[in-house]
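Everything below concerns the one structure shown next.
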Amino acid sequence: MKVIVIDDSSTMRRIIKNTLNRLGFNDIIEAEHGLDALTKLDGVDLIFTDWNMPEMDGLTFVKSVRGSNSYKNIPIIMVTTEAAKDDIVEAIKSGVNNYVVKPFTPEILKSKIDSVLSTL
Amino acid sequence: MNVEYINPFISSTVKALTTMCSLKPERGRPYLRSASTPTKSDISGTIGVAGEATGSVTVNFPQEVAIKMVENMLGIQVDEINEDVKDAVGEIANMVAGGAKGELAEKGYGFKIALPVVCVGKSHYTAYPKDVPCVVIPFTLPEGEFTVEIALKINGK
Numbered sequence: 001m002k003v004i005v006i007d008d009s010s011t012m013r014r015i016i017k018n019t020l021n022r023l024g025f026n027d028i029i030e031a032e033h034g035l036d037a038l039t040k041l042d043g044v045d046l047i048f049t050d051w052n053m054p055e056m057d058g059l060t061f062v063k064s065v066r067g068s069n070s071y072k073n074i075p076i077i078m079v080t081t082e083a084a085k086d087d088i089v090e091a092i093k094s095g096v097n098n099y100v101v102k103p104f105t106p107e108i109l110k111s112k113i114d115s116v117l118s119t120l
Numbered sequence: 001m002n003v004e005y006i007n008p009f010i011s012s013t014v015k016a017l018t019t020m021c022s023l024k025p026e027r028g029r030p031y032l033r034s035a036s037t038p039t040k041s042d043i044s045g046t047i048g049v050a051g052e053a054t055g056s057v058t059v060n061f062p063q064e065v066a067i068k069m070v071e072n073m074l075g076i077q078v079d080e081i082n083e084d085v086k087d088a089v090g091e092i093a094n095m096v097a098g099g100a101k102g103e104l105a106e107k108g109y110g111f112k113i114a115l116p117v118v119c120v121g122k123s124h125y126t127a128y129p130k131d132v133p134c135v136v137i138p139f140t141l142p143e144g145e146f147t148v149e150i151a152l153k154i155n156g157k
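Protein sequences appear in the order of chains A and B.
So the first sequence is residues 1 to 120, counted in our numbering.
So the second sequence is residues 1 to 157, counted in our numbering.
Here it is in structure tokens:
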């Protein structure tokens with residue numbers, strides 16, 4: 001399973017990647033923002049994206065993916081500090097499959113992945 | 001001092017460091033910063049906020065604390081303030097402001113947060129507009145003391 005991790009913070013990309021590695025995901029690519037990610041989606045099976053990023057934010061990216069013929073069915077997990085209930089509702093309405101609030105533990109990330117994969 | 005808007009920043013700071021860095025900071029008593037005694041640090045991360053609360057939130061770290069934090073976060077050894085430390089401090093600032101945002105939205109103080117700005121320099125400090133009160137929350141770790149500065153105007157007050 002090919003995974004893309006999109007976050008403008010290299011620290012956060014590394015933390016998510018390390019956690020995914022421990023969970024058995026080895027085919028992981030990275031992008032620094034939504035615009036960067038849109039050019040890297042070929043063959044991707046699962047997307048992790050931040051919300052607040054330069055160039056293209058996570059919400060705009062999710063809407064672009066859901067509006068595209070080629071990538072609209074790829075499951076998306078948003079990993080963000082945006083913890084207000086209205087934010088979560090807005091993200092889900094935009095097409096996010098699940099939502100992880102930073103800071104998070106590896107267990108939380110795993111449960112969200114399990115939840116998304118079980119619906120496929 | 002309105003603890004209603006200070007407490008969410010205390011809990012988001014403790015949660016960020018406990019969850020991401022396996023560190024348990026002890027918090028001290030918050031105080032109002034005066035212009036003559038600014039809070040000095042070696043690296044700081046600032047998040048601008050705008051909405052029903054407007055201003056900024058800054059996390060200030062001495063080098064030793066910032067390095068320990070990043071070593072625990074990433075499982076690597078760090079000798080100085082490098083790109084990893086700068087990026088991590090920005091992300092911690094993000095988690096402190098973003099975490100508090102959720103709690104404050106429920107209390108009716110909604111705001112949006114900007115991307116983090118990180119400043120590096122021995123004993124630097126942040127200057128705020130004169131009409132914005134700055135509340136300092138001190139925290140202690142075995143490696144040293146760090147602070148979170150809340151410089152916000154609530155509902156135009």
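Positions of the beta carbon are idealized from the N, C-alpha and C atoms, including for glycine.
{"Asked": "Which residues in the same chain as B/S132 place their Cβ atom closer than 6 Å to its Cβ, once the five residues preceding and following it in sequence are excluded?", "Found": "The amino acid occupying residue 132 of chain B in the given sequence is Val; Ser does not appear at that position. Closer than 6 Å at Cβ, skipping near neighbours: G55, A151 and K153."}
{"Asked": "Please list, in chain order, the chain A residues whose beta carbon lies closer than 8 Å to that of B/N94.", "Found": "S9, N52, T81 and K102"}
{"Asked": "Below 8 Å on the Cβ atoms is my guess for A/G34 versus A/K2; work out the distance and round it to an integer in Å.", "Found": "Incorrect: roughly 18 Å between the Cβ atoms, too far for contact."}
{"Asked": "First and last residue of the alpha helix (DSSP H) that includes A/P106?", "Found": "P106 to S118"}
{"Asked": "With a threshold of 8 Å (Cβ to nearest heavy atom), would B/M73 be considered close to the ligand MN?", "Found": "Ligands in the displayed structure: none, and consequently the ligand MN is not present."}
{"Asked": "On the CB-based measure, 16 or more other CB atoms within 10 Å of its CB, does B/P129 come out buried or exposed?", "Found": "exposed"}
{"Asked": "Compare the Cα-Cα distances from B/P8 to each of B/K112, B/L104 and B/V148 and report the closest residue.", "Found": "B/L104"}
{"Asked": "Would you report the Cα separation of A/V79 and A/V101, rounded to the nearest angstrom?", "Found": "6 Å"}
{"Asked": "Would A/A84 pass as an interface residue toward chain B - the criterion being a Cβ-Cβ separation below 9 Å?", "Found": "yes"}
{"Asked": "How would you call B/N94, buried or exposed, if buried means at least 16 neighbouring beta carbons within 10 angstroms?", "Found": "buried"}
{"Asked": "If you drop the 5 nearest sequence neighbours on each side, which residues of the same chain put their C-beta closer than 8 Å to that of A/I77?", "Found": "L46, I47, F48, T49, V96, N97, N98, Y99, V100, K112, I113 and V116"}
{"Asked": "DSSP three-state call for B/A127: helix, strand or coil?", "Found": "coil"}
{"Asked": "Could one say the Cβ of A/M56 lies closer than 9 Å to chain B's Cβ atoms, at least one of them?", "Found": "no"}
{"Asked": "For the putative contact between B/V136 and B/E149, defined by C-beta atoms under 8 Å, what is the C-beta separation to the nearest angstrom?", "Found": "5 Å"}
{"Asked": "Compute the beta-carbon to beta-carbon distance between B/G45 and B/P138, rounded to the nearest angstrom, for a pair I have assumed lies under 8 Å.", "Found": "Contact doesn't hold; Cβ gap of about 17 Å is too wide."}
{"Asked": "From the beta carbon of B/G55, is the nearest beta carbon of chain A less than 9 Å away?", "Found": "no"}
{"Asked": "Do B/Y5 and B/A53 have their CB atoms nearer than 9 Å?", "Found": "yes"}
{"Asked": "Identify whether B/K122 lies in helix, strand or coil by the three-state DSSP scheme.", "Found": "strand"}
{"Asked": "Decide if A/V65 is buried, meaning its Cβ has at least 16 other Cβ atoms within 10 Å, or exposed.", "Found": "buried"}
{"Asked": "Is B/I76 buried or exposed, if buried means 16 or more other CB atoms sit within 10 Å of its CB?", "Found": "exposed"}
{"Asked": "Quick one: grab the DSSP three-state call for B/R29.", "Found": "coil"}
{"Asked": "Find the nearest neighbour of A/P54 within the set A/K40, A/A83, A/K72 and A/S9, judged by alpha-carbon distance.", "Found": "A/S9"}
{"Asked": "Quick one, are the C-beta atoms of B/T147 and B/N60 less than 9 Å apart?", "Found": "yes"}
{"Asked": "Between which two residues does the beta strand (DSSP E) containing B/P138 stretch?", "Found": "C134 to L141"}
{"Asked": "Where does A/V89 land, buried or exposed, given buried means 16+ other C-beta within 10 angstroms?", "Found": "exposed"}
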